[in-house]
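Here the structure comes first, spelled out in structure tokens, and everything after it is commentary.
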Amino acid sequence: MVKEIQLRIPIQEEKFEGILKKKAARFLNIAEKDISAVKVLRKSIDARKSDIVFNYKVAVYIHEQLPEFSEYSFEYKDVTKSKEVHIIGFGPAGMFAALRCIELGYKPVVLERGKKVQERRRDLRAINQFHIVNEDSNYCFGEGGAGTYSDGKLYTRSLKRGDVRRVFENLVFHGATEEILVDAHPHIGTNNLPKIVENIRETVL
Ligand SMILES: Cc1cc2nc3c(=O)[nH]c(=O)nc-3n(C[C@H](O)[C@H](O)[C@H](O)COP(=O)(O)OP(=O)(O)OC[C@H]3O[C@@H](n4cnc5c(N)ncnc54)[C@H](O)[C@@H]3O)c2cc1C
């Protein structure tokens with residue numbers, strides 16, 4: 005049996021190993037040994053008062069094993085001989101369009117006006133230090149698209165317009181931390197984002 009419950013864990017207790025299992029057992033009035041696994045579905049922090057707490061939404065597996073495989077899996081087969089789809093730009097839209105093409109058996113051919121994600125750094129430095137703007141490689145243009153060199157918050161209002169979870173799972177597949185799957189305010193981080201963009205390029209190439 006699987007039960008979804010909400011738990012509030014004070015910040016001081018959060019670091020204790022097994023705290024979720026313990027709290028879940030208490031909440032459900034069952035023994036800890038009856039719980040096979042606790043899966044975090046959503047995590048947020050409530051720091052409005054001096055007693056800071058984490059709000060967890062968890063799935064409690066009672067006498068039932070956690071499924072081994074995620075419902076999302078990504079397999080990128082060789083599409084070099086497949087029908088071509090041309091994609092202009094390797095920003096988020098272009099990257100995910102290219103990945104989707106491969107998943108559907110098409111060969112994406114990406115035309116990107118800017119430089120590779122790591123090479124963009126030099127052009128950003130030129131903007132900040134010398135006020136020289138390369139019009140093809142800057143904060144907006146270049147591999148990874150606009151926002152690659154911001155802090156990588158994963159906010160969207162279009163939750164009903166597509167499978168956002170699939171995008172997050174794919175970012176994890178390409179190197180993002182699994183925390184983005186549960187955090188209420190998921191965040192990739194400026195340091196991590198370029199590497200993930202490189203990994204996506206490797207998949208596409
Ligand atoms: C500074 C900044 C910070 C941001 N921070 C965040 C954030 O933290 N979280 C968030 O969710 N969103 C953020 N955004 C918004 C986010 O970056 C955009 O919503 C997103 O990049 C749009 O993706 P896109 O693929 O549609 O377009 P773009 O990212 O603009 O990608 C378009 C790509 O096409 C290329 N291109 C353009 N013209 C041509 C051409 N003629 N030929 C070939 N290639 C071309 C460009 O070089 C670019 O790589 C930020 C944006 C900026 C500018």
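Under this note's numbering, residues 5 to 209 are what the sequence shown spells out, in order. Cβ atoms here follow ideal geometry from the backbone N, Cα and C, with glycine treated the same way. Quick caveat: nothing in here was measured; it's all calculated off a predicted structure.
| Query | Result |
| --- | --- |
| Residues bridged to Asn-59 (per DSSP) | Arg-12 and Ser-48 |
| Bridge partners - Glu-88, DSSP secondary structure assignment | Lys-111 |
| Strand pairing of Ala-41, partner residues [DSSP] | Tyr-65 |
| Segment limits, alpha helix (DSSP H) that includes Ala-28 | 23-32 |
| Cβ contact (3+ pairs, closer than 8 angstroms) linking the segment 87-99 and the segment 25-39 | no |
| Lys-7, DSSP secondary structure in three states | strand |
| Own chain residues within Cβ distance below 6 angstroms of Gly-193, not counting five before or after | Gly-156 |
| Bridge partner(s) assigned by DSSP for His-191 | Lys-157 |
| Beta-carbon gap between Gly-146 and Val-121 smaller than 8 angstroms | yes |
| 8 angstroms Cβ cutoff met for Tyr-159 and Ala-150 | no |
| Check: Arg-159 C-beta below 7 angstroms from any heavy atom of ligand 1 | What sits at residue 159 in the sequence shown is Tyr, not Arg. Yes. |
| Heavy atom of ligand 1 within 7 angstroms of Pro-190 beta-carbon | no |
| In DSSP terms, what Asn-138 is bridged to | Ser-141 |
| Spatial neighbours of Gln-69 in its chain, beta-carbon cut-off 6 angstroms, leaving aside the 5 residues before and after | Ser-40 |
| Beta-carbon proximity check, Ile-106 vs Val-176, cutoff 8 angstroms | no |
| Where Leu-197 falls: helix, strand or coil (DSSP) | helix |
| Cα-Cα separation between Ile-56 and Ser-48, rounded to whole angstroms | 11 angstroms |
| Anticipated Cβ contact below 8 angstroms, Val-217 with Val-186, distance rounded | Since the first residue of the chain shown is 5 and the last is 209, residue 217 is not available in this structure. |
| Heavy atom of ligand 1 within 7 angstroms of Pro-71 beta-carbon | no |
| Straight-line gap, Val-62 to Ile-204 (C-alpha atoms, nearest Å) | 31 angstroms |
| Chain D within 8 angstroms of Ala-29, Cβ atoms only | Note that chain D does not occur in the displayed structure, where there is just one protein chain. |
| Span of the alpha helix (DSSP H) around Phe-177 | 168-177 |
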